[in-house]
Amino acid sequence: MHPSSITTILFYLFFIILCFNGPTMVVHSQNTNLTTFQLPSPLPKWPQGGGFASGTIDLGGLQVSQVTNFTKIWATNEGGPDNLGVTFYDPVAIPQGFTSLGSYAQPNNIPLFGHILVAKDVSNNSSKPTLKSPIDYTLVWSSESLDIKKDGEAYIWFPVAPEGYKAIGYVASGSSDKPPLDKVSCVREDFTDTTNITSGLKRDNDINLDGLNVRDSIGGFMVQNMSVGNLKGNPSNSMPNLNQVKALIQAYAPVIHFHPDEQYLPSSVDWFFQNGALLYHKGDQSKQINVDKNGSNLPQGGSNDDTYWLDLPQDGSSKDRVKKGDLQNACAYFHVKPVSGGLFTDIATWVFYPFNGASRAKVKFLNIGLGKLGEHVGDWEHVTLRVNNINGQLNSVFFSQHSWGKWVSASDLEYHTGNKPVVYASLHGHASYPKPGCVLLGSGGSDMGVRDDTAKCDKVMDTGVGAVVIAAEYMNGVVVEPPWLNYERKWGPKIDYDVDKELKNAKKVMIGKLKKAFQKLVESVPSEMLGEDGPTGPKVKNNWSGDEVV
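According to mature numbering (1 follows the signal peptide of the UniProt record, and there is no 0), the sequence shown holds residues -29 to -1, 1 to 521 in order.
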């Protein structure tokens, strides 16, 4: 690829504001070899009520819907992931009265899976309509100097919005002539938000085409120093009611596969309490408190100030039994919240493990245990389902992995039965992954790291069985939160391991430079993997009220 004489401009392709992932798509073009993705099973008929899954969302003067018919504008046939290039599309068969907000693109190494958002002004406000055509276009990128296999040339345009309006997406064309002004609409700025309030999808498929970076992510085209706005939704008109939430859980609840060697399995919170969990108070550790069912005697609210913590039973046999959990009667806990102002619903699926096992490491050709490093009482893990509120379609899944995680498109998931995604929980640490295998954590490179091992076996948990909805704040009191949810202190004691001693024991099998490299590796992994502190519950996590951390 030759260097470009054009100023390097970074483009990021996002899929929520313009592109709603979905199961059905028609492409009107020649030489398009992409397959289209469909969920394994048809969407169910959702329970009635409100505006959820009605085909449109009313934002209060602005109606939005989605289009699944595309025509190809331009494509490269090499470059990017798997050297398969990228394709840009325009929507076709737009419903009468609606207008496009921009173009769509995606890498060619994944199945075609997306929707284009279209909008209609229903404000009856002729002096200040919710939609207006741009007043001009600015050329921000051209493929003319791109020296790879391509179908002609492409030009990326930024719509210049009238005063008081925002462009929501960018326009791709196959001509150096400016697109028609009525090709797309700009949205009145009180319906937009300039912050990107949703996180990216899986980023393994980034494309860099000589200054054009196309990324599987969300929010509309975002261009360096020339960003577009995001639509603000209206949760009161688009979010699912409780019956619809329960139907969504039954349709999409993940099925978790545990490692064949996993000793520390999940349990229900009530089981943990009823089998001897103890509450401790700083300064009065000699007076342990048995926890009531539902945690009704746990301190409520406050902050994580180290004054209270939970621990396992003191009796040795009871402690060992509780550590292992109770998979047969375990259940998942669901928190439902609006995303992008109600254009999407996030359903966070929380699973509780009474105990987190020790970490293991790979050092070149050696696999070694890390002693007690990584062990801690109480482990909360989650995956999040992102659902399109226009039709109730599963859009993507967030896999939480220690202090980070990643979004994976529904088109790139493994499914158990129906439309239930498969989640692989890592051995001892319980991090969530979309595929089985071994991931090495830390800065040790490809042959050194702390191991996250996942595999398929007959130890599985269907999180839809016995599902408990624990919070949905937008429903204004319809869902009653259990008392334990508002216990915001630690779910396990702080454990002060002698890290140097544990590492010294691990290093006994190493020679030479391996010891120094191993020490550096351990210092680079998250502290939670070394068991330095007791974890907090779901409501204290940053993603409880905000978006997922990637």
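Ideal Cβ positions, reconstructed from N, Cα and C, are used throughout, including at glycine.
Small disclaimer: the values here were computed from a predicted structure and weren't measured.
Inclusion of Pro464 and Val348 in the CB contact set at 9 angstroms is warranted, their separation being smaller than that value. Taking a 10 Å sphere around the C-beta of Lys343, we find 16 or more other C-beta atoms and assign the residue as buried. Just measuring C-alpha positions, the residue of Trp462, Ser374, Val216 sitting nearest Asn513 is Ser374. Every beta strand (DSSP E) of 3 residues or more that sits fully in the stretch 332 to 390 is shown, in chain order, as 337 to 340, 347 to 359, 365 to 372, 375 to 380. Each residue's CA atom was taken as its position, placing Ser116 and Ser71 some 29 angstroms apart. Under the 10 Å beta carbon count, Ser403 is surrounded by 16 or more other beta carbons and is classified as buried.
Only buried fits Cys157, as 16 or more other CB atoms lie within 10 angstroms of its CB. In the structure shown, the three-state DSSP call for Tyr235 is coil. A residue is called buried when at least 16 other Cβ atoms come within 10 angstroms of its Cβ; Phe369 meets this threshold and is buried. Taking C-beta atoms under 8 angstroms as the contact rule, Val131 and Gly73 fail to qualify, at a distance of about 14 angstroms.
By the CB criterion at 9 angstroms, Thr6 and Pro62 fall outside the cutoff. Cβ contact annotation for Gly435 (same chain, cutoff 6 angstroms, sequence separation greater than five): Ile220, Gln221, Ala224, in chain order.
Unbroken beta strand (DSSP E) stretches of 3 residues or longer found wholly inside the stretch 55 to 139: 57 to 62, 75 to 78, 87 to 92, 107 to 113, 126 to 131, given in chain order. With distances taken between CA atoms, Ile106 lies nearest to Val155 out of Gly145, Phe243, Val155. Contact check for Ile339 against Ala24 fails: the beta carbons are separated by 9 angstroms or more. His252 is positioned such that its CB atom lies no closer than 9 angstroms to that of Tyr235.
For Ile441, the three-state secondary structure derived from DSSP is strand. The alpha-carbon of Phe41 is positioned some 40 angstroms away from that of Val431. Taking the Cβ atoms as the reference, Leu356 lies roughly 19 angstroms from Ile28, outside the contact range of under 8 angstroms.
In the structure shown, Val262 adopts coil according to DSSP, grouped into three states. Residues Met(-29), Thr47, Glu49, Gly50 of the same chain have their beta carbon placed closer than 7 angstroms to that of Ile119, with the five preceding and five following residues left out of the count.
In this structure the stretch 205 to 212 does not touch the stretch 282 to 300; the number of beta carbon pairs closer than 8 angstroms is below three.
Between Val35 and Lys103, the CB-CB gap reaches or exceeds 9 angstroms. Around the C-beta of Thr58, 16 or more other C-beta atoms lie within 10 Å, and the residue is accordingly described as buried. By the Cβ-count criterion, Pro151 is exposed, with fewer than 16 other Cβ atoms from all chains shown falling within 10 Å of its own Cβ.
Your pair Asp232 and Leu398 checks out as a contact, with CB atoms roughly 6 angstroms apart and the cut at 8 angstroms. Taking all protein chains in view, the Cβ of Gln37 is crowded by 16 or more other Cβ atoms within 10 Å, so the residue is classified as buried. DSSP lists Gly272 as the bridge partner or partners of Tyr458.
Scanning its chain for C-beta atoms nearer than 6 angstroms, with the 5 sequence neighbours on each side dropped, one finds around Phe229 the residues Ala396, Lys430, in chain order.
In this chain, the alpha helix (DSSP H) harbouring Lys290 covers 287 to 294. Just so you know, the alpha carbons of Gly123 and Trp45 end up roughly 7 angstroms apart. Distance from the CA of Leu411 to the CA of Asp241, rounded to the nearest whole angstrom, comes to 34 angstroms.
Of the residues assessed, Asn300 falls on the exposed side of the cut-off, its CB having fewer than 16 other CB atoms within 10 angstroms.
In this structure, DSSP gives Ser311 a helical state, which the three-state scheme calls helix.
DSSP, read as helix, strand or coil, puts Gln245 in helix. Here Pro100 has Asp92, Ser94 as same chain residues with Cβ atoms under 7 angstroms from its own Cβ, once five neighbours each way along the sequence are excluded.
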